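Visitor: Residue numbers for the sequence shown, in this note's numbering: 318 to 474.
Even for Gly, the Cβ is constructed at its ideal location relative to N, Cα and C.
Computed from a prediction, not measured in an experiment: that's the story for all the values here.
This is the structure I want to talk about, given as structure tokens.
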Amino acid sequence: MSGTLTHFDAEGRAVMVDVSDKAETDRTATAAVRVAMQPATLRVILSGQAKKGDVLGVARLAGIMAAKRTAELIPLCHPLPIAAVTLDLAPDGDGIGIVATVRTTGRTGVEMEALTAASVAALTVYDMCKAIDRGMRIDGLRVVHKAGGASGDFRQP
Numbered sequence: 318m319s320g321t322l323t324h325f326d327a328e329g330r331a332v333m334v335d336v337s338d339k340a341e342t343d344r345t346a347t348a349a350v351r352v353a354m355q356p357a358t359l360r361v362i363l364s365g366q367a368k369k370g371d372v373l374g375v376a377r378l379a380g381i382m383a384a385k386r387t388a389e390l391i392p393l394c395h396p397l398p399i400a401a402v403t404l405d406l407a408p409d410g411d412g413i414g415i416v417a418t419v420r421t422t423g424r425t426g427v428e429m430e431a432l433t434a435a436s437v438a439a440l441t442v443y444d445m446c447k448a449i450d451r452g453m454r455i456d457g458l459r460v461v462h463k464a465g466g467a468s469g470d471f472r473q474p
């Protein structure tokens, strides 16, 4: 791991990293998060009985939309031509597991897009179910895989 923070210049000012000299390569990133909830809340989601509608479907769309807007939310992120975004939302014990994968061909990675997609999908699950379970927790947001670019592959154990 490099000890250099790339988003600061020699004087410590925030800067957008210049990626113009980097080659365009295929890049993929996958992020995961989990929304823990009461068993009754999970049953409501899975049965399609939530008052606000299809919780998992809406959360999936929110995650896709969020990935496309990452550069507007994170100040030093480059706007990227996203080729694909997939979100898998599935029961995971007493909650919903969310896995977001983003792909592009570009000069910088899509880790932030994957993290944004996963986190906004989780926030959407919370928003749509908070009336029945205010004790939900969003846990463990992380990059689980990254491929492409000069730094090579990364996989979270």
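Could you say which of L406, A384, P392 and Q355 lies nearest to G374 if we only look at CA atoms?
Guide: As a first step, residue 374 is located in the sequence shown; it is residue number 57 there, counting from the start. Checking every option, the nearest Cα to that of G374 belongs to L406.
Visitor: Please name the residue in G370, R424 and M354 whose C-alpha comes closest to that of T345.
Guide: Within the sequence shown, the letter at position 28 stands for residue 345. Of G370, R424 and M354, the residue nearest in Cα terms is R424.
Visitor: Select from V402, A357, G412 and V372 the residue whose C-alpha is nearest the C-alpha of L432.
Guide: Counting from one through the sequence shown, the residue named residue 432 turns up at place 115. Among V402, A357, G412 and V372, the Cα nearest to that of L432 is on V402.
Visitor: Based on the DSSP output, what are the partners of I415 in its beta bridges?
Guide: Residue numbering aside, residue 415 sits at position 98 when the sequence shown is read from its first letter. Bridge partners of I415: V350 and L406.
Visitor: Going along the chain, which unbroken runs of the alpha helix (DSSP H) with 4 or more residues stay wholly within the region 327-388?
Guide: Taking only runs of at least 4 residues, the alpha helix (DSSP H) segments lying wholly in the region 327-388 are 356-364 and 372-385.
Visitor: Alpha carbon to alpha carbon, how far is L397 from T421?
Guide: Reading the sequence shown from its first residue, position 80 is the one you call residue 397. Reading the sequence shown from its first residue, position 104 is the one you call residue 421. Computed Cα separation, rounded: 8 Å.
Visitor: Which of helix, strand or coil does DSSP assign to D450?
Guide: Start at 1 with the first residue of the sequence shown, and residue 450 comes out as number 133. In the structure shown, D450 sits in coil (DSSP, three-state: anything other than H, G, I, E or B).
Visitor: Roughly how many whole angstroms lie between the Cα atoms of Y443 and S337?
Guide: Counting from 1 along the sequence shown, the entry for residue 443 is found at position 126. Counting from 1 along the sequence shown, the entry for residue 337 is found at position 20. Approximately 39 Å, taken between the alpha carbons.
Visitor: Would you tell me roughly how many angstroms separate the C-alpha atoms of H395 and A464, rounded to the nearest one?
Guide: Position 78 of the sequence shown, counted from the first residue, corresponds to residue 395. Position 147 of the sequence shown, counted from the first residue, corresponds to residue 464. Distance between the alpha carbons of H395 and A464: 18 Å.
Visitor: Consult DSSP for D444 and reduce its assignment to one of helix, strand or coil.
Guide: By one-based count along the sequence shown, residue 444 stands at place 127. If DSSP states are grouped into helix, strand and coil, D444 belongs with the helices.
Visitor: Using C-beta distances below 6 Å, list every residue in its chain close to Q355, excluding the 5 sequence neighbours before and after it, in chain order.
Guide: Here residue 355 refers to the residue found at position 38 when the sequence shown is read from its first residue. So the list reads D450, once near-sequence residues are dropped.
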